[in-house]
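Peer 1: Taken in order, the sequence shown gives residues 1 to 331; the numbers are from full-length UniProt numbering.
The beta carbon of each residue, even a glycine, is placed where N, CA and C say it ideally should be.
Below is one structure. I have some questions about it.
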Amino acid sequence: MFNNKSILITGGTGSFGRQYVKTLLANYQPKRLVIYSRDELKQYEMQQDFDAPCMRYFIGDVRDKDRMTQAMRDVDFVIHAAALKQVPAAEYNPMECIKTNIHGAENVIAAAIANDVEKVIALSTDKAAAPINLYGATKLASDKLFVAANNMVGQGRTRFSVVRYGNVVGSRGSVVPFFQKLVADGADAIPITHPEMTRFWITLPMGVNFVLKNFQRMQGGEIFIPKIPSVQIMDLATAYAPDLPTKEVGIRPGEKLHEVMCPADDSFHTFEFDDHYVIAPSIKFHQEDMNFGLNALGENGRLVTPGYEYQSGSNPHFLSVEEILAFDDGH
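In structure tokens form, the structure reads like this:
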């Protein structure tokens, strides 16, 4: 569905954007592939790796609605990956986080509708489910904006959906490169926030392929959540720093012991499919009644039991130390 189409990625120089571009160029023949981001150095560095004739690099900020609208001209599909993601930074710089993650989402929606874009998928995070930190709260607000945007389209064709997943192996600022740097720098111990902490675990290729698939599945208004494994923080430390002891440093501000992707309070409109969940909109759109238990690919889902919660600590699928290393290398 991406052949001869124009695709724009906000925050496209990040870990996700680079993997997305790599996957698209390897498997499709897009007409245009637009990277929209604000850092000229990262764009320059990315151009050294990705310089296909279809590539376009736009310097711009999602906070700038006019520039966003200009960049989306004649675009068919948008992936909104731009965000301020660091939990502590958001706590110390709340207004900056709000401007990018919430007002930026508004601008992406307005630009997509103005340009009659066909489909938009916004990337979310497990921290947006029952959030306890500002980053999660801004992403929850963003999710709500993208879901409700399907009501704002009027007679236009634009449809908006959300993809939510957990920690990405090896992404910038994540725990794996942090542990690896400590080992390389000769640290005498690995800091652990809490020995019982768990996290959802996904590789970049898995995340990219899930987003690609959901462009085919989406009707508009869904939050898509993949079924992925969990990891214990102690197992991560053993996997990446097997020769070092650990020291407990305490849970950081705004951090959870376990992450949630499908909150119990959303169970009444959460559907389980073979390899993913869908949280259907809690609001009714102006269009005819939509069946979110049957997606555009003909896959069937069933409502989960009332009170069901998809949480990293109670997830039935945990990776062992050996599986963590194989998971990292093999996906």
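To which residues does DSSP link Glu96 through a beta bridge?
Peer 2: Taking the first residue of the sequence shown as 1, we reach residue 96 at position 96. Partner(s): none; Glu96 has no beta bridge.
Peer 1: Output yes or no for whether 8 angstroms exceeds the beta carbon distance between Ser230 and Thr203.
Peer 2: Taking the first residue of the sequence shown as position 1, residue 230 is located at position 230. Taking the first residue of the sequence shown as position 1, residue 203 is located at position 203. No.
Peer 1: With DSSP as the reference, label Ile251 as helix, strand or coil.
Peer 2: Numbered from its first residue, the sequence shown carries residue 251 at position 251. If DSSP states are grouped into helix, strand and coil, Ile251 belongs with coil.
Peer 1: So what does DSSP say about Tyr240, is it helix, strand or coil?
Peer 2: Mapped onto the sequence shown, residue 240 falls at position 240. Looking at Tyr240 - three-state DSSP - the assignment turns out to be helix.
Peer 1: Check whether the Cβ atoms of Gln43 and Tyr28 sit closer than 8 angstroms, and answer yes or no.
Peer 2: Position 43 of the sequence shown holds residue 43. Position 28 of the sequence shown holds residue 28. Cβ atoms of Gln43 and Tyr28: not closer than 8 angstroms.
Peer 1: Pro281 bridges to which residues according to DSSP?
Peer 2: Numbered from its first residue, the sequence shown carries residue 281 at position 281. Paired residues: none, contrary to the question.
Peer 1: Say whether the segment 268-278 touches the segment 290-304, bearing in mind that this needs 3 or more beta-carbon pairs closer than 8 angstroms, one atom from each stretch.
Peer 2: yes
Peer 1: Out of Leu33, Trp201, Arg159, which one is the CA nearest neighbour of Val176?
Peer 2: Position 176 of the sequence shown, counting from 1, holds the residue named residue 176. Of the candidates Leu33, Trp201, Arg159, the residue whose Cα lies closest to the Cα of Val176 is Trp201.
Peer 1: Taking all protein chains shown into account, decide if Ser314 is buried (16 or more other Cβ within 10 angstroms of its Cβ) or exposed.
Peer 2: Here residue 314 is taken as the residue at index 314 of the sequence shown, counted from 1. Flag for Ser314 reads exposed.
Peer 1: CB-CB under 8 angstroms to Ile7, same chain, minus the five flanking residues each way: which ones, in chain order?
Peer 2: For the purposes of this step, residue 7 is identified with residue 7 of the sequence shown, where counting begins at 1. Answer for Ile7: Leu24, Pro30, Arg32, Leu33, Val34, Val75, Asp76, Phe77, Val78, Ile79, listed in chain order.
Peer 1: Run through DSSP, which three-state label would Asn300 get?
Peer 2: Numbered from its first residue, the sequence shown carries residue 300 at position 300. Looking at Asn300 - three-state DSSP - the assignment turns out to be strand.
Peer 1: Going by beta carbon distance, what residues of the same chain come within less than 7 angstroms of Met1, once the five residues before and after it are set aside?
Peer 2: For the purposes of this step, residue 1 is taken as the residue at position 1 of the sequence shown. Phe215, Gln216, listed in sequence order.
Peer 1: Which of helix, strand or coil does DSSP assign to Gln219?
Peer 2: Taking the first residue of the sequence shown as position 1, residue 219 is located at position 219. Correct three-state label for Gln219: coil.
Peer 1: Nearest CA to the CA of Glu40: which residue from Thr13, Ile233, Tyr20?
Peer 2: The count along the sequence shown starts at 1 and reaches residue 40 at position 40. It is Thr13.
Peer 1: Quick one: Cα of Leu140 to Cα of Asp235, how far?
Peer 2: In the sequence shown, residue 140 corresponds to position 140, counting from 1. In the sequence shown, residue 235 corresponds to position 235, counting from 1. Approximately 30 angstroms, taken between the alpha carbons.
Peer 1: For Gly166, tell me which candidate among Gly186, Asp126, Ala52 has the shortest Cα-Cα distance.
Peer 2: Within the sequence shown, the letter at position 166 stands for residue 166. Looking at the Cα atoms, Asp126 is the closest of the given residues.
Peer 1: Below 8 angstroms between beta carbons: does that hold for His258 and Ser312?
Peer 2: Here residue 258 is taken as the residue at index 258 of the sequence shown, counted from 1. Here residue 312 is taken as the residue at index 312 of the sequence shown, counted from 1. One thing to note: His258 has its Cβ within 8 angstroms of the Cβ of Ser312.
Peer 1: When DSSP labels each residue in this structure, what does Thr10 get in the three-state scheme?
Peer 2: Your numbering for residue 10 matches position 10 in the sequence shown. Reduced to three states, the DSSP call for Thr10 is strand.
Peer 1: Tell me whether Val231 sits in a helix, a strand or coil according to DSSP, three-state version.
Peer 2: Counting from 1 along the sequence shown, the entry for residue 231 is found at position 231. In the three-state DSSP reduction, Val231 falls in the strand class (E or B).
Peer 1: Can you tell me which of the three DSSP states Gly330 falls into?
Peer 2: Taking the sequence shown and counting its residues from 1, one reaches residue 330 at position 330. A caution first: Gly330 carries a pLDDT of 47, below 50, which makes its placement in the model too unreliable to give a value.
Peer 1: What are the boundary residues of the alpha helix (DSSP H) that includes Val21?
Peer 2: Translated into positions along the sequence shown, residue 21 becomes position 21. Unbroken alpha helix (DSSP H) run through Val21: 15-27.
Peer 1: Can you round the beta-carbon distance between Met68 and Val120 to whole angstroms, since I take them to be within the 8 angstroms contact cut?
Peer 2: The residue labelled residue 68 in the question sits at position 68 within the sequence shown. The residue labelled residue 120 in the question sits at position 120 within the sequence shown. Their Cβ separation, rounded to whole angstroms, is 12 angstroms, which puts Met68 and Val120 out of contact at 8 angstroms.
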